[in-house]
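Enquirer:
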Amino acid sequence: MPSVDLAGHVGGLVGGFFLAGAFSVPHQYFNLRRILYGAAMLLLTALFLYMGFDRADEPTDPATANGIAQYYLKQNKQEEADKLFRYLEKSRSADEYSYTLMAGQALEKKRI
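So this note's numbering is basically just the index in the sequence shown, starting at one, shifted up by 1329.
#1: Hey, how far is the Cα of alanine 1398 from the Cα of lysine 1438?
#2: For lysine 1406, report the span of its alpha helix (DSSP H) as first-last.
#3: DSSP on serine 1353, reduced to helix/strand/coil?
#4: Of the choices Ala1336, Val1339, Met1370, whose alpha-carbon is the least far from that of glycine 1350?
#5: Would proline 1391 and leucine 1417 qualify as a contact pair, given that the criterion is a beta-carbon distance under 7 Å?
#6: With the cut-off set at 7 Å, would you say leucine 1402 and alanine 1410 are in Cβ contact?
#7: Let's test the definition: count the other Cβ atoms within 10 Å of the Cβ of phenylalanine 1382 and tell me whether it reaches 16, buried, or not, exposed.
#8: Quick one: residues in its chain with C-beta nearer than 8 Å to the C-beta of leucine 1378, no 5 flanking neighbours on either side, listed in chain order?
#9: Given phenylalanine 1346, which residues of its chain have a CB within under 6 Å of its CB, disregarding the five upstream and five downstream residues?
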């Protein structure tokens, strides 16, 4: 999964900067800058956790959604496949959406 690798590295970089700002001020225990860095670090952590868990039920990329949608179509689970089609429409991946749509139509013709 290329998105996990990139997100992990960027998150580590941003988190490292905030940790350095919050903990590396020598001989100053209650400095305003430390408090602001700490508050920003907690706020970003909460935001990133919310964003991560909010999107936990979505597939990671259109190609994965495409494969899962085809599986659902073969199993005659049209409602589940429609959910993934809506995801593909929102993802703006025309290639994957077109492929899925044509494959779904081909399966329908095959059943008739």
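All C-beta atoms, glycine included, are put in the ideal place defined by N, C-alpha and C.
Bear in mind that the values here come from a model prediction, so they are computed numbers and not experimental data.
Expert: With the given structure in hand:
#1: The alpha-carbon atoms of alanine 1398 and lysine 1438 are separated by roughly 17 Å.
#2: Note, lysine 1406: premise wrong, no alpha helix (DSSP H); not H, not E.
#3: In the structure shown, the three-state DSSP call for serine 1353 is coil.
#4: Met1370
#5: yes
#6: yes
#7: exposed
#8: none
#9: none
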